[in-house]
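Colleague: 257 is the number that my numbering gives to position 252 of the sequence shown; each next residue is one higher, with no gaps.
Just so you know, even glycine gets a beta-carbon here, dropped at the ideal spot from N, CA and C.
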Amino acid sequence: MMKIFFMYLFMIIVFMNLTWIVASILILIMTLMMILFFVGENYFCMIGYGLGLDQISWNLVFLSIFIIYLMLIGGKKLYQQGFYGYMYMYFGFLLLLTLMLTFSSMNFFSFYLYFESSLIPIFFVILMWGYQPERIQAGIFMLMYTLIGSLPLLVSLFYIYGEGGSLSMKLMFYDDHLMNFNLILHLGLIAGFLVKLPLFFLHLWLPKAHVEAPVGGSMVLAGILLKLGGYGLMRIYMYMKYSYLLGTLLINLSLLGGVLIGFMILINVDMKIIVAYSSVVHMGLMLAGLMTCSKYGMAGGLLIMMAHGLCSSCMFFMVNIYYEKTGSRLLMFNRGMSMIMPVFGVMFFVSCVYNGGAPPSMNLWGEIMLIMSFINWSDFYYYVFFFLSFIGVAYNIYLYSCSQHGQGYLLKWSFMNGSCLEYYCIYMHLFPLTVLFLCLDLFSLWI
Numbered sequence: 006m007m008k009i010f011f012m013y014l015f016m017i018i019v020f021m022n023l024t025w026i027v028a029s030i031l032i033l034i035m036t037l038m039m040i041l042f043f044v045g046e047n048y049f050c051m052i053g054y055g056l057g058l059d060q061i062s063w064n065l066v067f068l069s070i071f072i073i074y075l076m077l078i079g080g081k082k083l084y085q086q087g088f089y090g091y092m093y094m095y096f097g098f099l100l101l102l103t104l105m106l107t108f109s110s111m112n113f114f115s116f117y118l119y120f121e122s123s124l125i126p127i128f129f130v131i132l133m134w135g136y137q138p139e140r141i142q143a144g145i146f147m148l149m150y151t152l153i154g155s156l157p158l159l160v161s162l163f164y165i166y167g168e169g170g171s172l173s174m175k176l177m178f179y180d181d182h183l184m185n186f187n188l189i190l191h192l193g194l195i196a197g198f199l200v201k202l203p204l205f206f207l208h209l210w211l212p213k214a215h216v217e218a219p220v221g222g223s224m225v226l227a228g229i230l231l232k233l234g235g236y237g238l239m240r241i242y243m244y245m246k247y248s249y250l251l252g253t254l255l256i257n258l259s260l261l262g263g264v265l266i267g268f269m270i271l272i273n274v275d276m277k278i279i280v281a282y283s284s285v286v287h288m289g290l291m292l293a294g295l296m297t298c299s300k301y302g303m304a305g306g307l308l309i310m311m312a313h314g315l316c317s318s319c320m321f322f323m324v325n326i327y328y329e330k331t332g333s334r335l336l337m338f339n340r341g342m343s344m345i346m347p348v349f350g351v352m353f354f355v356s357c358v359y360n361g362g363a364p365p366s367m368n369l370w371g372e373i374m375l376i377m378s379f380i381n382w383s384d385f386y387y388y389v390f391f392f393l394s395f396i397g398v399a400y401n402i403y404l405y406s407c408s409q410h411g412q413g414y415l416l417k418w419s420f421m422n423g424s425c426l427e428y429y430c431i432y433m434h435l436f437p438l439t440v441l442f443l444c445l446d447l448f449s450l451w452i
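(1) Is it right to say residue 231 is buried, meaning 16 or more other beta carbons lie within 10 angstroms of its own, or is it exposed?
(2) Does the CB of residue 134 have a neighbour CB from chain E at under 8 Å?
(3) Suppose contacts are defined by Cβ-Cβ distances below 8 Å. Is residue 286 in contact with residue 252 by that definition?
(4) So, for residue 255: in the same chain, excluding its five sequence neighbours on each side, which residues have a beta-carbon less than 7 Å away from its beta-carbon?
(5) Considering only the alpha carbon of each residue, which of 151, 373, 271 lies closest to residue 445?
(6) Roughly how many whole angstroms lie between the Cα atoms of residue 146 and residue 119?
(7) Cβ of residue 221 within 8 Å of Cβ of residue 76?
(8) So, using beta-carbon positions, are residue 302 and residue 394 closer together than 8 Å?
(9) For residue 402, which option in 384, 353, 426 has the closest C-alpha, if you only look at C-alpha atoms?
(10) Residue range of the beta strand (DSSP E) that residue 56 falls in?
(11) Which of the three DSSP states is assigned to residue 381 in this structure?
(12) Do residue 100 and residue 225 count as a contact pair if the criterion is CB distance below 8 Å?
(13) The alpha helix (DSSP H) with residue 313 in it runs from where to where?
(14) Taking the alpha carbon of residue 359 as the point to measure from, which residue in 381, 346, 319, 328 has its own alpha carbon closest?
(15) Could you check how far apart the C-beta atoms of residue 172 and residue 268 are, in whole angstroms? I think they sit under 8 Å.
(16) If I'm right that residue 210 touches residue 150 with Cβ under 8 Å, what's the distance once you round it to whole angstroms?
(17) Mark residue 93 as exposed unless 16 or more other C-beta atoms lie within 10 angstroms of its C-beta, in which case mark it buried.
(18) Does DSSP classify residue 171 as helix, strand or coil?
(19) Alpha carbon to alpha carbon, how far is residue 257 from residue 130? Give it in angstroms, no decimals.
(20) For my contact list, residue 290 and residue 234 are in at a C-beta cut-off of 8 Å; report their separation, rounded to the angstrom.
(21) Thinking C-alpha only, which one of 326, 334, 244 is nearest residue 276?
(22) Where do the N-terminal and C-terminal ends of the alpha helix (DSSP H) with residue 115 fall, by residue?
(23) With 16 other CB atoms within 10 Å as the buried threshold, where does residue 274 fall?
(24) Confirm, please, whether the CB-CB distance from residue 194 to residue 243 is below 8 Å.
(25) So, for residue 46: in the same chain, excluding its five sequence neighbours on each side, which residues have a beta-carbon less than 7 Å away from its beta-carbon?
(26) Nearest-angstrom Cα distance between residue 241 and residue 174?
(27) Per DSSP, residue 162 forms a beta bridge with which residues?
(28) Using a Cβ-Cβ cutoff of less than 7 Å, which residues in the same chain neighbour residue 55 once the five nearest sequence positions on both sides are dropped?
(29) Which of the three DSSP states is assigned to residue 408 in this structure?
(30) Suppose the cutoff is 7 Å on Cβ atoms and the five residues either side in sequence are ignored; what does the same chain contact list for residue 159 look like?
(31) Considering only C-alpha positions, which residue in the set 169, 218, 107 is nearest to residue 142?
(32) Are the CB atoms of residue 259 and residue 197 within a distance shorter than 8 Å?
(33) Using the Cα positions of residue 455 and residue 214, report the straight-line distance between them to the nearest angstrom.
(34) Starting from residue 348 and walking both ways along the alpha helix (DSSP H), at which residues does that stretch end?
(35) Taking DSSP as the reference, what is the three-state secondary structure of residue 231?
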């Protein structure tokens with residue numbers, strides 16, 4: 006399998022010039038280094054200088070490298086037009102560095118610094134390469150929501166350090182301030198991560214950022230940056246005493262928010278906003294699974310994060326292809342696209358099916374594990390989860406049928422062909438989603 010994977014990975018050399026080949030090879034080298042580092046018998050590797058990897062960190066670092074690699078491919082048009090292509094590449098590598106440091110940090114204070122610094126590259130990507138003048142407002146929305154939500158986290162970390170004398174993750178097991186439940190401390194520690202996910206009622210920055218971001222910014226935002234919130238919650242709940250009351254409140258809010266947003270998607274006509282809101286639904290499912298604090302909930306949450314990172318990035322890339330061909334993201338102007346671009350229609354169908362949780366996709370295993378965690382929690386949430394999964398399938402069918410079937414607005418153009426690079430980028434999203442369906446030990450052996 007690895008031989009096939011690396012064969013497809015090196016196919017990029019056929020499509021790109023020397024600069025992008027160098028960037029791709031650098032990311033490939035870092036990927037191989039990460040694979041070689043992960044050799045511990047207990048699924049933990051100590052790198053040094055306060056950095057280390059367990060299986061959760063390793064999976065998310067690998068996802069970060071892969072999505073940044075695809076982000077550079079997806080933004081090749083910026084480089085061809087001479088629109089600060091090297092600066093785009095620089096921000097991509099800067100974002101990759103901050104994400105790798107965030108996921109491998111073993112101290113909560115350094116984790117907080119890297120967590121906040123990951124905002125800077127994506128903020129400049131939206132500001133410099135966004136499509137509309139409203140990108141300034143979208144960037145400020147994202148910045149203010151995340152910074153204000155993270156202030157309680159910083160204050161809580163200072164309090165823990167003042168009382169316990171350390172923020173090292175290795176010493177947190179012996180800190181009574183985390184093991185003894187404190188509601189204010191608990192809310193302060195998780196507030197920044199709930200904004201980053203985002204939780205329903207805290208999600209208003211996400212559609213604005215996605216609509217105004219370029220294709221690479223949307224791919225990274227949905228593929229990696231939303232996972233920072235889930236990763237932070239996983240880390241916090243490894244050391245914190247669980248609250249049944251607060252957990253029930255967050256489960257209710259995330260599932261109810263997912264149902265309401267699912268109905269909002271069914272009346273929306275902007276393809277990019279539909280994909281952006283579907284990210285809120287998936288992250289709500291993931292949060293509800295994490296709040297059960299069961300083994301199946303944690304493993305299912307990690308699977309949902311990995312699968313959503315690849316699938317949502319692919320869907321944003323394909324929506325951008327349609328936007329470049331037709332000049333609009335509205336469904337009424339993108340009808341009948343399967344007659345105009347038949348190969349893309351098939352790939353778009355696969356992406357929508359995977360996003361809905363159909364086999365063979367990692368989303369299916371993630372939802373099965375979340376169902377098992379809800380069975381142990383309460384029968385009521387079990388039925389709500391099934392209803393939410395049905396709504397997820399419904400809006401994916403709505404997106405596919407409205408864009409690929411019907412009377413085409415652009416049927417005067419009988420056929421529009423995509424480039425080999427676009428096919429390659431889509432395939433590199435869908436190939437891991439399908440193959441990793443058979444490799445669940447990579448995501449579940451840590452529990």
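Modeller: The structure says:
(1) Taking the sequence shown and counting its residues from 1, the one referred to as residue 231 is at position 226. Counting the other CB atoms within 10 Å of its CB gives residue 231 a total of 16 or more, which places it among the buried residues.
(2) Looking at the structure shown, chain E is missing, and only one protein chain is on hand.
(3) Within the sequence shown, numbered from 1, the residue matching residue 286 stands at position 281. Within the sequence shown, numbered from 1, the residue matching residue 252 stands at position 247. Contact annotation: residue 286 and residue 252 have beta-carbon atoms that are not nearer than 8 Å.
(4) Along the sequence shown, one-based indexing puts residue 255 at 250. Around residue 255, the same chain offers 292, 296 as residues with beta carbons nearer than 7 Å, after the five sequence neighbours per side are excluded.
(5) One-based indexing of the sequence shown puts residue 445 at position 440. Scanning 151, 373, 271 for the CA closest to the CA of residue 445 turns up 373.
(6) Residue mapping note: residue 146 aligns to position 141 of the sequence shown, counting from 1. Residue mapping note: residue 119 aligns to position 114 of the sequence shown, counting from 1. Each residue's CA atom was taken as its position, placing residue 146 and residue 119 some 20 Å apart.
(7) Taking the first residue of the sequence shown as 1, we reach residue 221 at position 216. Taking the first residue of the sequence shown as 1, we reach residue 76 at position 71. In this structure, residue 221 places its C-beta atom within 8 Å of the C-beta atom of residue 76.
(8) By 1-based counting over the sequence shown, the position of residue 302 is 297. By 1-based counting over the sequence shown, the position of residue 394 is 389. No; because the gap between Cβ atoms is not below 8 Å, this pair is not in contact.
(9) In the sequence shown, counting from the first residue as 1, residue 402 sits at position 397. Checking every option, the nearest Cα to that of residue 402 belongs to 353.
(10) Locating residue 56 in the sequence shown gives position 51, counting from the first residue. Taken as a continuous stretch (DSSP letters only), the beta strand (DSSP E) holding residue 56 covers 56–59.
(11) For this step, residue 381 is matched to residue 376 along the sequence shown. Helix, per DSSP.
(12) In the sequence shown, residue 225 corresponds to position 220, counting from 1. In the sequence shown, residue 100 corresponds to position 95, counting from 1. Taking 8 Å as the Cβ cut-off, residue 225 and residue 100 qualify as a contacting pair.
(13) Sequence index remark: in the sequence shown, residue 313 carries index 308 (1-based). Segment 300–331, the alpha helix (DSSP H) holding residue 313.
(14) For the purposes of this step, residue 359 is taken as the residue at position 354 of the sequence shown. Of the candidates 381, 346, 319, 328, the one whose C-alpha sits nearest the C-alpha of residue 359 is 319.
(15) Along the sequence shown, read from residue 1 onward, the residue named residue 172 stands at position 167. Along the sequence shown, read from residue 1 onward, the residue named residue 268 stands at position 263. So it is not a contact: roughly 42 Å between Cβ atoms.
(16) The count along the sequence shown starts at 1 and reaches residue 210 at position 205. The count along the sequence shown starts at 1 and reaches residue 150 at position 145. Indeed, because the Cβ distance is near 4 Å, the residues count as touching under 8 Å.
(17) For this step, residue 93 is matched to residue 88 along the sequence shown. Under this definition residue 93 is a buried residue.
(18) Here residue 171 is taken as the residue at index 166 of the sequence shown, counted from 1. In this structure, residue 171 counts as coil in the three-state DSSP scheme.
(19) Along the sequence shown, one-based indexing puts residue 130 at 125. Along the sequence shown, one-based indexing puts residue 257 at 252. Going by the C-alpha atoms only, they are around 35 Å apart.
(20) Locating residue 290 in the sequence shown gives position 285, where the first residue counts as 1. Locating residue 234 in the sequence shown gives position 229, where the first residue counts as 1. Contact check for residue 290 and residue 234: beta-carbon distance about 13 Å, past the 8 Å limit, so the pair fails to qualify.
(21) What you label residue 276 is simply residue 271 of the sequence shown in a count that begins at 1. The option with the nearest alpha carbon to residue 276 is 334.
(22) The residue labelled residue 115 in the question sits at position 110 within the sequence shown. Start and end: 113–122.
(23) In the sequence shown, the residue the question calls residue 274 occupies position 269. By the neighbour-count rule (16 or more Cβ atoms within 10 Å), residue 274 is not buried but exposed.
(24) As a first step, residue 243 must be located in the sequence shown, where it is residue number 238. As a first step, residue 194 must be located in the sequence shown, where it is residue number 189. It is not a contact, given that the beta carbons lie outside the stated cut-off.
(25) Translated into positions along the sequence shown, residue 46 becomes position 41. Model confidence at residue 46 stands at a pLDDT of 49, short of 50, so the residue's coordinates are unreliable and nothing is read from them.
(26) As a first step, residue 241 must be located in the sequence shown, where it is residue number 236. As a first step, residue 174 must be located in the sequence shown, where it is residue number 169. Cα-Cα distance, rounded: 10 Å.
(27) Here residue 162 is taken as the residue at index 157 of the sequence shown, counted from 1. Residue pairing of residue 162 in beta bridges, as defined by DSSP: absent, with no partner found.
(28) What you label residue 55 is simply residue 50 of the sequence shown in a count that begins at 1. 110, 111, 112, 115, listed in sequence order.
(29) One-based indexing of the sequence shown puts residue 408 at position 403. Of the three classes helix, strand and coil, the one that applies to residue 408 here is helix, per DSSP.
(30) As a first step, residue 159 is located in the sequence shown; it is residue number 154 there, counting from the start. Cβ within range, chain order: 117.
(31) In the sequence shown, the residue the question calls residue 142 occupies position 137. Cα-wise, what sits closest to residue 142 is 218.
(32) Position 192 of the sequence shown holds residue 197. Position 254 of the sequence shown holds residue 259. Cβ distance not < 8 Å, so residue 197 and residue 259 don't count as in contact.
(33) An answer regarding residue 455 cannot be provided, because it is not within the stretch 6 to 452 covered by the chain.
(34) Locating residue 348 in the sequence shown gives position 343, counting from the first residue. First-last of the alpha helix (DSSP H) with residue 348: 347–360.
(35) Taking the sequence shown and counting its residues from 1, the one referred to as residue 231 is at position 226. Reduced to three states, the DSSP call for residue 231 is coil.
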